[in-house]
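These notes are about the structure you will find just below.
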Amino acid sequence: SQQGEEDPQALSIQEGENATMNCSYKTSINNLQWYRQNSGRGLVHLILIRSNEREKHSGRLRVTLDTSKKSSSLLITASRAADTASYFCATPDSGNTGKLIFGQGTTLQVKP
Amino acid sequence: DTAVSQTPKYLVTQMGNDKSIKCEQNLGHDTMYWYKQDSKKFLKIMFSYNNKELIINETVPNRFSPKSPDKAHLNLHINSLELGDSAVYFCASSARDRTGNTIYFGEGSWLTVV
Chain U
1 SQQGEEDPQA
11 LSIQEGENAT
21 MNCSYKTSIN
31 NLQWYRQNSG
41 RGLVHLILIR
51 SNEREKHSGR
61 LRVTLDTSKK
71 SSSLLITASR
81 AADTASYFCA
91 TPDSGNTGKL
101 IFGQGTTLQV
111 KP
Chain C
113 DTAVSQTPKY
123 LVTQMGNDKS
133 IKCEQNLGHD
143 TMYWYKQDSK
153 KFLKIMFSYN
163 NKELIINETV
173 PNRFSPKSPD
183 KAHLNLHINS
193 LELGDSAVYF
203 CASSARDRTG
213 NTIYFGEGSW
223 LTVV
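So the protein sequences, as listed, match chains U and C.
Numbered by the numbering used here, the letters in the first sequence go through residues 1 to 112 in order.
Numbered by the numbering used here, the letters in the second sequence go through residues 113 to 226 in order.
Encoded structure:
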């Protein structure tokens, strides 16, 4: 079954604005990851946040994790046209198989 | 250097044909995967191999057969292709560490069955 669900499905903003994407998941996890997919390309790992972390930063990216609400958010600050892509959250399978379960992604369009 | 490379990138073929997609990773990872991404961008795992051994086999038709000659390669062979097989297939690899399981993806193979 699908673990992560992103919200919104699509987001369109102007360059310079901040973009916030949310992810909800169903079962207990020990970490959550965010990936980016440019059009016609493979997914690229952005950031991993562990279950004992509440917030993590990487450049213009800020990820939060609320295990009580089973949700995470990805904030991209001062967005650029080059940030236009789809963003996916991924959580480990509960069976500890190493499998990651991906949500359907948020498609972000940043208009120049 | 490309970390996870898969070929071909584009493949258009007729129903009923058999085709293969090859994948190689030079990251030294023990685990390799095949994922399928549909037209709605939903990404679903198909198979996982660890050191050439099948670990995960999701509910995938028998027409799909992965083959791992060594831990750096995981090829996907598809028999009797159907229209519904049209999708993007991603090969990926990962190494387990204490923080989690970061996956490195190939660029994808766009399969169109006509």
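We put the CB at the ideal spot given by N, CA and C, even for glycine.
Note that the structure is predicted; figures quoted are calculated from it, not measured.
Can you tell me the Cα-Cα spacing of residue 99 of chain U and residue 16 of chain U, whole angstroms?
Along the first sequence, read from residue 1 onward, the residue named residue 99 of chain U stands at position 99. Along the first sequence, read from residue 1 onward, the residue named residue 16 of chain U stands at position 16. Their backbone Cα atoms lie some 36 Å apart in a straight line.
Kindly say whether residue 69 of chain U, judged by its beta-carbon, lies nearer than 8 Å to any beta-carbon of chain C.
By 1-based counting over the first sequence, the position of residue 69 of chain U is 69. No - not a single Cβ of chain C is within 8 Å of the one on residue 69 of chain U.
At least one CB of chain U closer than 8 Å to the CB of residue 136 of chain C: is that the case?
By one-based count along the second sequence, residue 136 of chain C stands at place 24. Cβ-Cβ to chain U under 8 Å: no for residue 136 of chain C.
At a cut of 8 Å, does the region 84-92 of chain U reach the region 28-39 of chain U through at least three beta carbon pairs?
yes
If I measure Cβ to Cβ from residue 1 of chain U and keep anything under 7 Å in the same chain, skipping five residues before and after, which residues do I get?
As a first step, residue 1 of chain U is located in the first sequence; it is residue number 1 there, counting from the start. Confidence at residue 1 of chain U is low in this model, with a pLDDT of 44, below 50, so its placement is unreliable and the value that follows should be read with caution. Closer than 7 Å at Cβ, skipping near neighbours: no residue.
Looking at the structure shown, is residue 195 of chain C part of a helix, part of a strand, or coil, going by DSSP?
Against the second sequence, residue 195 of chain C aligns to sequence position 83. Of the three classes helix, strand and coil, the one that applies to residue 195 of chain C here is helix, per DSSP.
Does the separation of the CB atoms of residue 6 of chain U and residue 104 of chain U fall below 8 Å?
Position 6 of the first sequence, counted from the first residue, corresponds to residue 6 of chain U. Position 104 of the first sequence, counted from the first residue, corresponds to residue 104 of chain U. Yes, the Cβ-Cβ distance between residue 6 of chain U and residue 104 of chain U is below 8 Å.
Apart from the five residues on each side of it in sequence, which residues of its chain come closer than 6 Å, Cβ to Cβ, to residue 213 of chain C?
Walking along the second sequence from the start, residue 213 of chain C turns up at place 101. Cβ neighbours of residue 213 of chain C beyond the five flanking positions: 206.
Under the three-state DSSP convention, the category residue 2 of chain U falls into:
Numbered from 1 along the first sequence, position 2 holds the residue referred to as residue 2 of chain U. With a pLDDT of only 48 at residue 2 of chain U, under 50, the local geometry of the prediction cannot be trusted, and no value is derived from it.
Determine the burial state of residue 182 of chain C: buried for a count of at least 16 other Cβ atoms within 10 Å of its Cβ, exposed for fewer.
Start at 1 with the first residue of the second sequence, and residue 182 of chain C comes out as number 70. Classification of residue 182 of chain C: exposed, given that the 10 Å Cβ count is below 16.
Three-state class that DSSP yields for residue 111 of chain U in the structure shown
Within the first sequence, the letter at position 111 stands for residue 111 of chain U. Here residue 111 of chain U sits in strand by DSSP.
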